[in-house]
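Participant: Sharing a structure here in structure tokens format.
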Ligand code: GLN
């Protein structure tokens, strides 16, 4: 039973159903696991020592980790920012509330780049999380704490958030599955706003079935979030049978120079996996893809500058000692925010200022719509789109911290689906021969096709069996 932390969500549920193990045993085994792994990994900002769960829920207390920008009643929620270092929310995010109702216990809050701005967790005001496959490497970001926690078997499942790639990129870097659902599929109520037209809660697990189980609990309309969709949810873990000869997959044509040598080779093998299994494949080009990154940094920063205006030292969080109100704003913000957050606020304020609004923000919005349209038109003739998740494998800690632009390139492949609001999953494929680091790829589908998307991922995992690779490391 000591090795219970190797069991995934579905297996734990089965053991609980047969009364072979108690919720208390499970919780204490995961707490021990966290204590042991945290000496190396540093995935958690806050840990909950006590098992608290709804005894009427069918999940029976199985632990889950929550990214620390998703608010949890009575549990500190910091956004990895000095500004919110001591903020204890008085209510739960809708996703958290639904998890709790179903019987999940919150075992801790995970590290991130401050306010989810970044690709490595190095922008956390507190510490950097390590990649479980190589402790000198970043776990990706901004949900790096959640992906590392799942990859090091500290928890079976975790929530993250994805604005431009923050679930998929860390999932690829840490060799786990990471789903970003359709925009509007999961309520954003209680997800601390970064760029509201892009933000979406996502899910990490070691296999697609566990993701589906969590998704069916948290998805669906929420009166507290006007952008959450009215569209009915599905039993996502009830997978469709995949019949390859009836399935058409678009393969994104990628400029060779945009991929590292290792990922380029892996991409060919990833494509041949689908060929060998009899799927119908065709290469496609998305002309405006390369503009996605530029457009994203204008739109996301603009929205961030508006959203983060609420942190002024008066209403929320940190309040600096000051002689007058001007100084209060200035000092609270300059002490409370890290460099990357300041950079985004400045960039966004600039793009929205009169005289530049038309030139930058409005233009970016137009290009965004065109990108969305281009991707949408692919789904008129194809069921899925496949492409890389990241241009390279996990980079060294410190390697890009002084070069924000090269850091931004991490999201080259994840941003366009976000701009369009499409659901996308990063699936682990193999361990790089040279780097010994995980390599992941993305599967994207049309709006609200999560059940199809997860069904294909489930088919894939049954063939690839990547979960065994994760478990065998320990
Ligand atoms: N890395 C991207 C950024 O820094 C994406 C972040 C995210 O998805 N939260 O904005």
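In the working numbering, the protein residues as written are 964 to 1437.
All C-beta atoms, glycine included, are put in the ideal place defined by N, C-alpha and C.
1) Could you have a look at residue 1057 and say whether DSSP puts it in helix, strand or coil?
2) The ligand GLN and residue 1091: does the residue's C-beta get closer than 7 angstroms to at least one heavy atom of that ligand?
3) Output the boundary residues of the beta strand (DSSP E) element that contains residue 1347.
4) Using a Cβ-Cβ cutoff of less than 7 angstroms, which residues in the same chain neighbour residue 1248 once the five nearest sequence positions on both sides are dropped?
5) Whole angstroms is fine: what's the gap from residue 1176's alpha carbon to residue 1029's?
6) Is there a C-beta anywhere in chain D that falls below 8 angstroms from the one on residue 1240?
7) With DSSP as the reference, label residue 1363 as helix, strand or coil.
8) Report whether the distance from the Cβ of residue 1311 to the nearest heavy atom of the ligand GLN is below 7 angstroms.
9) Would you decide whether residue 1139 is buried or exposed? Buried here means 16 or more other CB atoms lie within 10 Å of its CB.
10) Return yes when at least one heavy atom of the ligand GLN lies under 7 angstroms from the C-beta of residue 1250, else no.
11) Which one of 1214, 1373, 1314 has the shortest CA to CA distance from residue 1349?
12) According to DSSP, is residue 1369 part of a helix, a strand, or is it coil?
13) Closer than 7 angstroms: is that where the CB of residue 1081 sits relative to any heavy atom of the ligand GLN?
14) Spatial neighbours of residue 1291 within its chain, please: CB distance less than 6 angstroms, with the 5 preceding and 5 following residues excluded, ordered by chain position.
15) Which residues in the same chain as residue 1155 place their Cβ atom closer than 6 angstroms to its Cβ, once the five residues preceding and following it in sequence are excluded?
16) Could you pull the start and end residues of the alpha helix (DSSP H) that residue 993 belongs to?
17) Please determine whether the Cβ atom of residue 1384 lies at a distance below 7 angstroms from any heavy atom of the ligand GLN.
18) As an exercise, report each continuous beta strand (DSSP E) stretch of at least 3 residues that is fully enclosed by the stretch 1010-1060, in chain order.
19) What's the C-alpha gap between residue 1363 and residue 1302?
Facilitator: On the basis of the supplied data:
1) helix
2) no
3) Unbroken beta strand (DSSP E) run through residue 1347: 1347-1351.
4) 1216
5) 16 angstroms
6) Annotation note: the requested chain D is absent from the structure, which comprises a single protein chain.
7) coil
8) no
9) buried
10) Not under cutoff, so the answer is no.
11) 1214
12) helix
13) yes
14) For residue 1291, where only same-chain residues beyond five positions count, the Cβ hits under 6 angstroms are 1276, 1285.
15) 1032, 1042
16) 986-1004
17) For the ligand GLN, not one heavy atom lies less than 7 angstroms from the Cβ of residue 1384.
18) Assignment of beta strand (DSSP E) within the stretch 1010-1060, counting only whole runs of 3 or more residues, yields 1026-1030 in chain order.
19) 14 angstroms
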